[in-house]
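Its first residue numbered 162, the sequence shown is counted upward by one per residue in the numbering used here. Built from N, CA and C at the ideal position, the CB exists for glycine as well. Since this is a predicted model, take the numbers as computed values, not measurements.
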Amino acid sequence: MSKPKTYDLFIGGEWSAPGTPERDTIHNPATGDVLAKVAVASEEDVNRALQTAQKAFPAWSRLVATERADYLYRLIDLIKRDSEKLARIITSENGKPLKEARIEVNFAIQLIRFAAENVRRLEGNIIPGSRPGEKILIEKIPHGVVAGISAWNFPLALTARKLGPALAAGNTFVIKPHELTPLATFALAELSVEAGFPKGVFNVVTGGGATVGNALVTNPITKLITMTGSTPAGRKIMAAASEGLKEVRLELGGKAPFIVMEDADIEKAVDAAVAARFMNCGQVCTANERTYVHTAVYDEFLRRLREKVAALKTGNPLDEATDMGPKISAAELEKVDAIVQKAIKQGAKVELGGKRLTGGAYDAGNFYAPTLLTGVTADMDIAQNEVFGPVLSLIRVKDFDDAIAQANNSRYGLSAYMFTQNLRNIMRMTSELNFGEIYVNREGGEAAQGFHHGYGDSGIGGEDGQYGLEAYVDTKTVYLNA
């Protein structure tokens, strides 16, 4: 293995030494190998990054929209060129299979591309005035300096999801990638230099949420905070931002129901249920967390599901044949196992898995067996709390009304899945299923042109598509008279 690389902060288009000697150690979750030593920013470092972004804002915001888009197009071309390199960085720091990392790189490209393509569609209005000859202009303007805070489960795509629209809309940007997975964001920052980004437009500060994240949120320079992460972290950010009356957009946890009715295509539903649960080792906010199956097809669904889950290959994520890699960390693995053991005590039955994988290469990493539980009921903790791991809970329902009622019995409201051929059920579902995005007769995976958002404990605001892009601008009303 090559010698671990040491990273400073990325401020003003160049590497910048932090004000403290402290470093975070980045580990490969599959092997335990040390990948890098990464700077931990001080509050003064964060302020310096924000001041740099603030200084770059006037010139960047005054560029014609298509000029800003051209920078993003150049960045896209470089991401395409380095796509395999970026995929391997994602796999090394996050642990997802290489084939999934390649999908993430492509999704990052699509997110930035949508922002670049649609920046000219940030349109205002001209409204008739209330005085003779008056016109009322409502103009879309950038906020200023945008602060991003991202999670570890999609280290490149989550940065791209925020960077693209922030810059396209004329803001400058400072991001704190998660302290477990900063390397893909650093690689993107290096590409931004090659793309010719003006200094200070894109900055990266690293460290923990309680220190670096809080400094980003509370600094008066920050005008908009966009965060992807856990619900508890989102609450803390919202509370910290309230003092400065900051605009906050939070994409948080999920507890997606996956509903299979008696008329569903069972094979298709099983394939989608497995994909939606075990992709990225279950570490996806839109993952299938609760699988509700109509009693008429429950036994057949369980039989096929057991076969499909048992066939999953867990191991080295760089192996093209691997279906599932490790959990991101030992602490996260222990959280998942504790949830499973609690479910067993509350009456759930382990059909497959239910334990950490050990022996050989498994001992060096954070591997958990693909797990299938039956006998899960609505009053169990596992039916209410986000698992964020490779654990599929199978729940029998008697009819459509029962499925909708149990699905809606959640404090989360991000994603849901429905498999049925019944148009009446589909029409009812659109108004009765209380989730921000619903996948009908397909596996998960949002599109760059959609709108990714949830209700309740799943956050506020939203990202992607035209609605997401609109979040990165403010409005100015001008009463125009001669």
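At what residues does the alpha helix (DSSP H) containing I500 begin and finish?
-> As a first step, residue 500 must be located in the sequence shown, where it is residue number 339. 491–506 is the span of the alpha helix (DSSP H), which, as asked, contains I500.
Straight-line gap, R517 to L553 (C-alpha atoms, nearest Å) | In the sequence shown, residue 517 corresponds to position 356, counting from 1. In the sequence shown, residue 553 corresponds to position 392, counting from 1. The alpha-carbon of R517 is positioned some 15 Å away from that of L553.
Where does I382 fall in DSSP's three states?
-> The residue labelled residue 382 in the question sits at position 221 within the sequence shown. Under the three-state reduction of DSSP output, I382 falls in the coil class, being neither helix nor strand.
Cβ pair count under 8 Å reaching 3, the stretch 196–206 against the stretch 382–402 = no
On the premise that A318 lies in contact with F363, defined as a C-beta separation below 8 Å, what is that separation, rounded to the nearest angstrom?
-> By one-based count along the sequence shown, residue 363 stands at place 202. By one-based count along the sequence shown, residue 318 stands at place 157. Not confirmed; about 16 Å, so no contact.
Could you check where the alpha helix (DSSP H) with K246 kicks off and where it finishes?
-> Translated into the one-based positions of the sequence shown, residue 246 becomes position 85. Taken as a continuous stretch (DSSP letters only), the alpha helix (DSSP H) holding K246 covers 244–255.
Test item: CB-CB of L123 and A308 under 9 Å = Past the boundaries of the shown model lies residue 123; the chain is included only from 162 to 643, so the question cannot be answered.
Considering only the beta carbon of each residue, do L328 and A276 sit closer than 9 Å?
-> Translated into the one-based positions of the sequence shown, residue 328 becomes position 167. Translated into the one-based positions of the sequence shown, residue 276 becomes position 115. Cβ atoms of L328 and A276: closer than 9 Å.
When we look at the beta-carbon of Q582 and count the other beta-carbons within 10 Å, is it buried (16 or more) or exposed?
-> For this step, residue 582 is matched to residue 421 along the sequence shown. Exposed.
Consult DSSP for S353 and reduce its assignment to one of helix, strand or coil.
-> The residue you call residue 353 lines up with position 192 of the sequence shown. If DSSP states are grouped into helix, strand and coil, S353 belongs with the helices.
Three-way DSSP call (helix, strand, coil) for D563 in this model | If you number the sequence shown from 1, residue 563 lands on position 402. It is helical.
How big is the Cα-Cα spacing for W313 and E493?
-> For the purposes of this step, residue 313 is taken as the residue at position 152 of the sequence shown. For the purposes of this step, residue 493 is taken as the residue at position 332 of the sequence shown. For W313 and E493, the distance between alpha carbons rounds to 12 Å.
Residue burial classification, Y633 (beta-carbon count within 10 angstroms, cutoff 16) | Here residue 633 corresponds to residue number 472 of the sequence shown, with the count starting at 1. When all chains shown are included, Y633 counts as buried.
Between A220 and the rest of its own chain, which residues show a CB-CB distance below 8 Å, the 5 nearest in sequence each way excluded?
-> Here the question's residue 220 lines up with position 59 in the sequence shown. P359, listed in sequence order.
Use the C-beta contact count for M588: other C-beta atoms within 10 angstroms, 16 or more gives buried, fewer gives exposed.
-> As a working note, residue 588 is residue 427 in the sequence shown. Per the 10 Å Cβ criterion, exposed.
Measure the C-alpha to C-alpha separation of K310 and G294 and round it to an integer number of angstroms.
-> What you label residue 310 is simply residue 149 of the sequence shown in a count that begins at 1. What you label residue 294 is simply residue 133 of the sequence shown in a count that begins at 1. Inspection of the sequence shows that residue 310 is occupied by Ile rather than by Lys. Between I310 and G294, the C-alpha separation is close to 46 Å.
Taking three-plus beta-carbon pairs below 8 Å as touching, is the stretch 452–472 in contact with the stretch 411–428?
-> Contact between the stretch 452–472 and the stretch 411–428 is present, with at least three C-beta pairs closer than 8 Å.
C-alpha distance - M399 paired with G622, whole-angstrom precision | What you label residue 399 is simply residue 238 of the sequence shown in a count that begins at 1. What you label residue 622 is simply residue 461 of the sequence shown in a count that begins at 1. Taking the straight line joining both Cα atoms gives about 12 Å.
Looking only at DSSP bridge pairs, what is M485 linked to?
-> Within the sequence shown, residue 485 is the residue found at index 324, counting from 1. Paired residue(s): T475.
Note down, in chain order, each residue of its chain lying with its Cβ closer than 7 Å to the Cβ of G361, except the 5 sequence neighbours on either side.
-> As a first step, residue 361 is located in the sequence shown; it is residue number 200 there, counting from the start. Apart from the 5 residues on each side of it in sequence, G361 sits with its Cβ closer than 7 Å to the Cβ of G173, G174, T213, A214, K216, A217, T333 in its chain, given in chain order.
Under 6 Å Cβ to Cβ from F549, same chain only, skipping five residues before and after it: list those, please.
-> Your numbering for residue 549 matches position 388 in the sequence shown. Taken in chain order, the residues that qualify are Q444.
Expected contact under 8 Å - CB spacing of V537 and A504 to nearest Å = Walking along the sequence shown from the start, residue 537 turns up at place 376. Walking along the sequence shown from the start, residue 504 turns up at place 343. Contact between V537 and A504 holds: CB atoms are separated by about 7 Å, below the 8 Å threshold.
First through last residue of the alpha helix (DSSP H) which encompasses K429 | Numbered from 1 along the sequence shown, position 268 holds the residue referred to as residue 429. Looking at the DSSP string, the run of the alpha helix (DSSP H) that includes K429 is 427–439.
Kindly list the residues whose CB is nearer than 7 Å to the CB of A437, restricted to its own chain and excluding five residues on each side of it in sequence; keep chain order.
-> As a working note, residue 437 is residue 276 in the sequence shown. Cβ neighbours of A437 beyond the five flanking positions: F419, A448, N449, Y578, E604, G605.
Could you please give the first and the last residue of the uninterrupted alpha helix (DSSP H) stretch that includes E265?
-> The sequence position of residue 265 within the sequence shown is 104, counting from 1. Per DSSP, E265 belongs to the alpha helix (DSSP H) from 259–279.
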